[in-house]
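Asker: Dropping a structure here in structure tokens format, bear with me for questions.
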Amino acid sequence: MAGPTSGKDNLVGTDGNDYLYGLAGNDTLTGGFGADTLSGDDDNDILYGGANNDYLLGGNGSDRLEGGAGSDYLIGGAGADTVFGGEGDDTVLVAGLADARGDVLDGGTGVDTASFDLASTTTALTFKALNANQKTSFVGATLTGFERFTITAGSGNDSLTGGRFNDVFSGGAGQDTLSGGAGNDSLQGGAGRDTLKGDAGSDYLDGGADDDVLQGGEGNDSLQGGLGNDRIDGGAGNDYVIVVSNGPKGPVEKDVIVGGAGHDTLNLGFGLDTKGLTLDFGTGSFTLAGGTTVSGFEQLSFTGGSGQDKVIGSASFDYLSGGEGNDTLYGRGGNDYITDGQGADGLFGEDGDDTFTMVPNGGFTPGPANFVYDKDAVNGGNGFDTVYFGAPGGAPGTGTAQSVVLDLANQKNNAGFIKGDVYARIEKFVGTTLDDVMRGDGAANTFDGGAGDDVLSGGAGNDVLIGGQGSDTMTGGAGNDVFDLSEYAAQYYPGAPGGFGGGFYGDTKGDVITDFAAGQDKLRLDVRALLEGETAKVTVESGAGSAAKASGPVLHFDTQARELWFDFDGKGTDFDAVHLATITTLATLKASDVLFV
Numbered sequence: 001m002a003g004p005t006s007g008k009d010n011l012v013g014t015d016g017n018d019y020l021y022g023l024a025g026n027d028t029l030t031g032g033f034g035a036d037t038l039s040g041d042d043d044n045d046i047l048y049g050g051a052n053n054d055y056l057l058g059g060n061g062s063d064r065l066e067g068g069a070g071s072d073y074l075i076g077g078a079g080a081d082t083v084f085g086g087e088g089d090d091t092v093l094v095a096g097l098a099d100a101r102g103d104v105l106d107g108g109t110g111v112d113t114a115s116f117d118l119a120s121t122t123t124a125l126t127f128k129a130l131n132a133n134q135k136t137s138f139v140g141a142t143l144t145g146f147e148r149f150t151i152t153a154g155s156g157n158d159s160l161t162g163g164r165f166n167d168v169f170s171g172g173a174g175q176d177t178l179s180g181g182a183g184n185d186s187l188q189g190g191a192g193r194d195t196l197k198g199d200a201g202s203d204y205l206d207g208g209a210d211d212d213v214l215q216g217g218e219g220n221d222s223l224q225g226g227l228g229n230d231r232i233d234g235g236a237g238n239d240y241v242i243v244v245s246n247g248p249k250g251p252v253e254k255d256v257i258v259g260g261a262g263h264d265t266l267n268l269g270f271g272l273d274t275k276g277l278t279l280d281f282g283t284g285s286f287t288l289a290g291g292t293t294v295s296g297f298e299q300l301s302f303t304g305g306s307g308q309d310k311v312i313g314s315a316s317f318d319y320l321s322g323g324e325g326n327d328t329l330y331g332r333g334g335n336d337y338i339t340d341g342q343g344a345d346g347l348f349g350e351d352g353d354d355t356f357t358m359v360p361n362g363g364f365t366p367g368p369a370n371f372v373y374d375k376d377a378v379n380g381g382n383g384f385d386t387v388y389f390g391a392p393g394g395a396p397g398t399g400t401a402q403s404v405v406l407d408l409a410n411q412k413n414n415a416g417f418i419k420g421d422v423y424a425r426i427e428k429f430v431g432t433t434l435d436d437v438m439r440g441d442g443a444a445n446t447f448d449g450g451a452g453d454d455v456l457s458g459g460a461g462n463d464v465l466i467g468g469q470g471s472d473t474m475t476g477g478a479g480n481d482v483f484d485l486s487e488y489a490a491q492y493y494p495g496a497p498g499g500f501g502g503g504f505y506g507d508t509k510g511d512v513i514t515d516f517a518a519g520q521d522k523l524r525l526d527v528r529a530l531l532e533g534e535t536a537k538v539t540v541e542s543g544a545g546s547a548a549k550a551s552g553p554v555l556h557f558d559t560q561a562r563e564l565w566f567d568f569d570g571k572g573t574d575f576d577a578v579h580l581a582t583i584t585t586l587a588t589l590k591a592s593d594v595l596f597v
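Put into structure tokens, the structure is as follows:
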């Protein structure tokens with residue numbers, strides 16, 4: 001195939017991903033199969049994308065672009081162009097008023113997008129989406145066959161109205177009116193006093209600077225007024241309204257914010273606030289210190305700054321994070337998520353099954369000397385409450401990682417980044433990814449060591465000890481205790497028949513259980529974790545040596561070494577047995593001693 005010239009070229013691509021450039025002259029470029037890039041450059045060119053997802057750029061001149069099959073990206077460029085998307089979900093881009101004049105644009109079949117970048121425009125723009133089979137005109141271009149519209153306007157007073165699909169409108173400067181229509185739309189007012197209407201669908205509305213009016217309409221909308229004295233109405237649906245502190249004393253605007261019908265959430269982002277917020281969410285109607293009035297909300301999401309915040313949540317589940325400062329946070333009702341920050345915080349879950357996240361607050365250089373020990377007080381209240389040391393999922397939170405020592409019987413012994421903390425009415429604790437120590441009291445404690453080689457002691461009470469990943473040591477103490485080996489067992493994979501490739505993703509030492517009482521305590525195992533997502537009956541047996549006696553999946557206790565083994569195929573030879581735990585006080589394991597879940 002000859003290369004491009006400044007004359008009239010006819011270039012045809014291969015079955016691969018081709019790059020064809022016409023240069024000057026009236027060229028014809030055909031991509032063929034593959035994801036091709038075609039550039040006509042100067043003069044009046046014809047570009048055929050063909051199959052697959054192609055990129056077509058007409059360049060200067062009055063060009064004809066046809067995307068063909070696939071989801072293509074087409075730019076006519078300067079000149080009066082004819083653009084046809086063809087099959088697939090195509091995007092046709094027009095950049096500037098000069099590029100738009102005289103264009104004939106047809107999206108073809110599929111869900112196609114007409115995108116206009118008119119940010120430099122100073123005149124007022126008016127656009128109203130019609131059905132895809134209806135022809136309409138906009139800034140000198142003729143459009144048909146488009147379902148979605150993306151328009152970035154300039155400094156004029158624009159009026160943009162979307163259609164049935166997901167539209168994206170940015171008003172820029174000027175007093176704009178943006179209406180999404182049906183679909184999940186994104187509307188950004190920019191500078192100027194704008195009116196944003198989400199209409200139907202789950203929309204995102206951002207007023208930007210100045211005094212704006214935001215109306216979510218139907219659907220689960222997200223709304224943010226921005227700077228200025230805004231009027232925000234979520235409308236029907238479960239809406240999410242964001243109020244951000246724009247200074248050290250909280251918001252200075254006097255917004256009027258109404259949640260509307262549905263279960264609505266107010267997000268107060270006070271990260272810049274140094275004064276501190278005092279708020280009782282109550283029934284969801286209140287006035288902030290700067291004059292913003294709030295009504296019709298059911299749920300609160302709050303992030304504090306460096307001031308001393310006192311926040312009482314809603315009857316629903318809330319997300320509360322104090323930030324810096326000595327904060328006091330109350331979840332009230334619902335299953336709340338409460339995160340401590342820097343400072344000596346008081347965290348109270350109250351009603352519901354609440355989740356607390358305690359994160360280390362460290363310096364920049366690793367080492368215990370850089371940790372700030374905040375002396376937090378955490379009270380779960382009613383319900384089954386959980387404390388995570390580090391972020392949920394096991395990863396330590398922000399700051400330098402450090403393990404924890406938790407002693408519920410004598411909390412003066414608490415160490416690591418929880419040194420000085422006091423915990424009350426918490427049913428479950430989850431450790432870090434490091435080697436933690438957790439000791440219980442007389443209550444029914446649940447300890448999950450997470451990753452790392454942990455030491456868990458239940459104390460008195462009916463405790464649940466979950467070793468997690470790593471080789472853990474577990475002591476139940478008095479009471480009817482449950483030792484959960486599921487997370488350790490989840491690291492096991494049987495491999496291929498013949499004993500090849502099986503083993504553990506993590507370590508192979510297994511856990512140690514120091515005081516298992518047969519007929520009183522229980523072992524708990526997730527069958528699906530052992531059987532790689534399958535469910536089948538697992539035979540429980542005891543006998544001398546580590547070899548299984550029964551067929552099929554077998555949980556075997558070696559009465560000599562007092563070791564617990566799992567064999568995917570029992571006495572068969574296709575898979576190797578793996579060591580799960582050592583149970584030092586157990587003579588014989590019975591099926592009644594094991595809980596399979």
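For reference, each letter of the sequence shown is one residue, going 1 to 597 in the numbering used here. By construction, the Cβ of each residue, glycine as well, lies at the ideal position given by its N, Cα and C atoms. Being a predicted model, the structure only gives us computed values, none of them experimental.
1) Whose CA, out of A344, D199 and S186, lies closest to the CA of L205?
2) What's the call for Y388, buried or exposed, on a 16-neighbour Cβ count within 10 Å?
3) Going by alpha carbons, who is nearest to G598 out of A460, T293, D340 and F281?
4) Would F384 be called buried (16 or more neighbouring beta carbons within 10 Å of its own) or exposed?
5) Just checking my contact of V83 with L97 at CB under 8 Å: how many whole Å lie between their CB atoms?
6) Do you know how far the Cα of P553 is from the Cα of K537?
7) By how many angstroms is the C-alpha of G156 removed from the C-alpha of S120?
8) Taking the alpha helix (DSSP H) that L530 belongs to, which residues open and close that run?
9) So for K310, helix, strand or coil by DSSP?
10) Does DSSP classify F504 as helix, strand or coil?
11) Pull up the distance between the alpha-carbon of L118 and that of G262, whole angstroms please.
12) What does the alpha-carbon distance come out to for the pair F127 and Q308?
13) Pull up the distance between the alpha-carbon of F146 and that of D103, whole angstroms please.
14) Between D99, E66, I257 and A78, which lies nearest to G88 when the distance is taken from Cα to Cα?
15) Pick out the complete beta strand (DSSP E) segments inside the segment 163-225, 3 residues or longer, and give them in chain order.
16) Apart from the five residues on each side of it in sequence, which residues of its chain come closer than 6 Å, Cβ to Cβ, to K8?
17) Ends of the alpha helix (DSSP H) at D99?
18) Return helix, strand or coil for E253, following the three-state DSSP convention.
19) Count the other CB atoms within 10 Å of the CB of Y19; is the residue buried (16 or more) or exposed (fewer)?
20) Alpha carbon to alpha carbon, what distance is there between S170 and T150?
21) Identify every residue that forms a DSSP beta bridge with L56.
22) Hey, how far is the Cα of L105 from the Cα of G260?
23) Would the beta-carbon of K571 fall within 8 Å of that of A550?
24) Considering Cα atoms alone, identify which of D567, D273, I242 and K522 is closest to A591.
25) From A236 to A200, what does the alpha carbon distance come to, in whole angstroms?
26) Kindly indicate which three-state DSSP category L299 falls into: helix, strand or coil?
27) Rounded to whole angstroms, what is the Cα-Cα separation between H579 and L564?
28) Should G217 be labelled buried (16 or more other beta-carbon atoms within 10 Å of its own) or exposed?
29) At what residues does the beta strand (DSSP E) containing H622 begin and finish?
30) Measuring CA to CA, which of N17, F302, V359 and S285 is closest to V294?
31) Apart from the five residues on each side of it in sequence, which residues of its chain come closer than 6 Å, Cβ to Cβ, to L93?
32) What does the alpha-carbon distance come out to for the pair G501 and G68?
33) What is the rounded straight-line gap between the Cα of K275 and the Cα of S306?
34) Have a look at Q215 and G341 and give me their C-alpha separation to the nearest angstrom.
35) Check each candidate in A444, D72, R148 and V378 and name the one with the smallest Cα separation from Y423.
36) In the DSSP assignment, the beta strand (DSSP E) including L11 goes from what residue to what residue?
Answerer: From the atom records:
1) Closest by alpha carbon: S186.
2) When all chains shown are included, Y388 counts as buried.
3) The structure shown has nothing for residue 598, since the chain only spans 1 to 597.
4) Counting every other CB atom within 10 Å of its CB across the protein chains shown gives F384 a total below 16, marking it as exposed.
5) About 17 Å separates the beta carbon of V83 from that of L97, a gap too long to meet the 8 Å contact definition.
6) One C-alpha to the other measures close to 7 Å.
7) If you take the alpha carbons of S120 and G156, they lie about 10 Å apart.
8) Where L530 is concerned, the enclosing alpha helix (DSSP H) stretches over V527 to L530.
9) Strand at K310.
10) Model confidence at F504 stands at a pLDDT of 49, short of 50, so the residue's coordinates are unreliable; what they give is reported in the following sentence. In the structure shown, F504 sits in a strand (DSSP, three-state: E or B).
11) It is roughly 37 Å from the alpha-carbon of L118 to the alpha-carbon of G262.
12) Within the model, the alpha-carbon separation for F127 versus Q308 is close to 49 Å.
13) Distance between the alpha carbons of F146 and D103 is about 14 Å.
14) Of all alpha-carbon atoms in D99, E66, I257 and A78, the one lying nearest the alpha-carbon of G88 is that of E66.
15) Counting only runs of 3 or more, we get 168-170, 177-179, 186-188, 195-197, 204-206, 213-215 and 222-224.
16) Around K8, the same chain offers G25 and N26 as residues with beta carbons nearer than 6 Å, after the five sequence neighbours per side are excluded.
17) In the DSSP assignment, D99 falls within the alpha helix (DSSP H) that extends over L97 to A100.
18) In the displayed model, E253 falls within coil according to three-state DSSP, outside both helix and strand.
19) Around the beta-carbon of Y19, fewer than 16 other beta-carbon atoms lie within 10 Å, marking it exposed.
20) Those two C-alpha atoms are separated by around 8 Å.
21) Residue pairing from DSSP places L56 in a beta bridge opposite L38 and L74.
22) For L105 and G260, the distance between alpha carbons rounds to 40 Å.
23) Result yes, Cβ atoms of K571 and A550 sit closer than 8 Å.
24) Of the candidates D567, D273, I242 and K522, the one whose C-alpha sits nearest the C-alpha of A591 is K522.
25) Whole-angstrom Cα-Cα distance: 9 Å.
26) A small correction: the amino acid at residue 299 is Gln; Leu does not occupy that position in the sequence shown. It is a strand residue.
27) L564 has its alpha-carbon roughly 6 Å from the corresponding atom of H579.
28) Its Cβ being crowded by 16 or more others within 10 Å, G217 is buried.
29) The question about residue 622 has no answer here: the residues shown for the chain are numbered 1 through 597.
30) Considering only alpha carbons, the answer is S285.
31) Once the five neighbours on either side are set aside, the close Cβ partners of L93 are I75 and S115.
32) Low local confidence applies: a pLDDT of 45 at G501 is under 50, so the model's placement there is unreliable, with the coordinate-based value given in what follows. The alpha-carbon separation between G501 and G68 amounts to approximately 48 Å.
33) Just so you know, the alpha carbons of K275 and S306 end up roughly 8 Å apart.
34) Answer to the nearest angstrom: the Cα atoms are 35 Å apart.
35) Across the set A444, D72, R148 and V378, the C-alpha of V378 shows the shortest separation from the C-alpha of Y423.
36) N10 to V12 is the span of the beta strand (DSSP E), which, as asked, contains L11.
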